[in-house]
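**Student:** Have a look at the structure that comes next, please.
In my numbering, the protein residues as written are 531 to 821.
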């Protein structure tokens, strides 16, 4: 398992469920999030730097672009300075992804493709800097969304799973799908540049651990439009500048590791400096009156 390898923290990652970041739990030097079977999620990558970066993202040890074991030869997503990128699923082609969906380890995409399920439960990011520094951006730097306090959990009730909406059947994940991109050694490597407005993702690194240590994996979900184009990117070095991972498991799996799952409580409102003032006008309606 990766605690993180980094010369500098240029990229952050969040796991998004129902539009909200899932709470991270730091435990014994590792970061964990709770996953629930049947719920879809997105990987949000946040470029904190002033330069373009290539981010290779992996889930369950597979790169999310080609579905092959992830490594330095894998194809990555390109993030502009201060860009936020949401990656919603496994890439099918230049216009479509299959949504990431929490599932049992044996029902995961890796399992259906005959890959090592021992890497299930890992979401990792490998970051490469660009060889030629680009001119600093002239466009306004967007504000990076921060996790809301206390009741930010996307889970309605920690004890009740969220079930997906009725699904349309997907083609067999084992059927071949083509990506129009090349990935050769040296210069001229083509990478993914996402034209959709902001959002983020991250690379999972394969971790050596027991096959039975994580209950969950990530399945091949419904189709979702997510357009990209291929662009050139020359790496500054053959070695990544940052490597890190977030691990996910069921509530039971996290608790077995000694992680205390915090309940989602409503945020308390701060003191009101003007309790006798209201911006509304008119008389107060009687109880039970509906507009």
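We treat Cβ as the ideally placed atom computed from N, Cα and C, and that holds for glycine.
1. Can you tell me where the beta strand (DSSP E) holding residue 572 begins and where it ends?
2. For residue 575, which of 653, 755, 800 and 786 has the nearest alpha-carbon?
3. Short of 6 Å in beta carbon distance, which residues of its chain neighbour residue 780, apart from the five on each side in sequence? Order them along the chain.
4. If we ignore side chains and look at the alpha-carbon of each, how far apart do residue 606 and residue 586 end up?
5. Compare the Cα-Cα distances from residue 660 to each of 620, 559, 817 and 611 and report the closest residue.
6. Taking all protein chains shown into account, do 16 or more other C-beta atoms lie within 10 angstroms of the C-beta of residue 807, making it buried, or fewer, making it exposed?
7. Less than 8 Å between C-beta atoms, sequence neighbours within five positions excluded: which residues of the same chain meet that for residue 637?
8. CB residue 754 to CB residue 624, shorter than 8 Å?
9. How would you write the range of the alpha helix (DSSP H) that residue 786 sits in, first residue to last?
10. Which one or two residues does DSSP pair with residue 550 in a beta bridge?
11. What are the start and end residues of the beta strand (DSSP E) that includes residue 634?
**Tutor:** A quick look at the data gives this:
1. Residue numbering aside, residue 572 sits at position 42 when the chain shown is read from its first letter. 570-577 is the span of the beta strand (DSSP E), which, as asked, contains residue 572.
2. Working through the chain shown from its first residue, we reach residue 575 at position 45. With distances taken between Cα atoms, residue 575 lies closest to 653.
3. Walking along the chain shown from the start, residue 780 turns up at place 250. Correct list, in chain order: 745 and 746.
4. Residue numbering aside, residue 606 sits at position 76 when the chain shown is read from its first letter. Residue numbering aside, residue 586 sits at position 56 when the chain shown is read from its first letter. Those two C-alpha atoms are separated by around 4 Å.
5. Counting from 1 along the chain shown, the entry for residue 660 is found at position 130. Answer by Cα proximity: 611.
6. Locating residue 807 in the chain shown gives position 277, where the first residue counts as 1. That one is exposed.
7. Against the chain shown, residue 637 aligns to sequence position 107. Taking residue 637 as the centre and dropping the five residues before and after it, the same chain places the C-beta of 747 and 749 closer than 8 Å to its C-beta, in chain order.
8. As a position in the chain shown, residue 754 is number 224, starting the count at 1. As a position in the chain shown, residue 624 is number 94, starting the count at 1. Result no, Cβ atoms of residue 754 and residue 624 do not sit closer than 8 Å.
9. By 1-based counting over the chain shown, the position of residue 786 is 256. Segment 781-786, the alpha helix (DSSP H) holding residue 786.
10. Counting from 1 along the chain shown, the entry for residue 550 is found at position 20. Partner(s): 547.
11. Mapped onto the chain shown, residue 634 falls at position 104. Looking at the DSSP string, the run of the beta strand (DSSP E) that includes residue 634 is 626-634.
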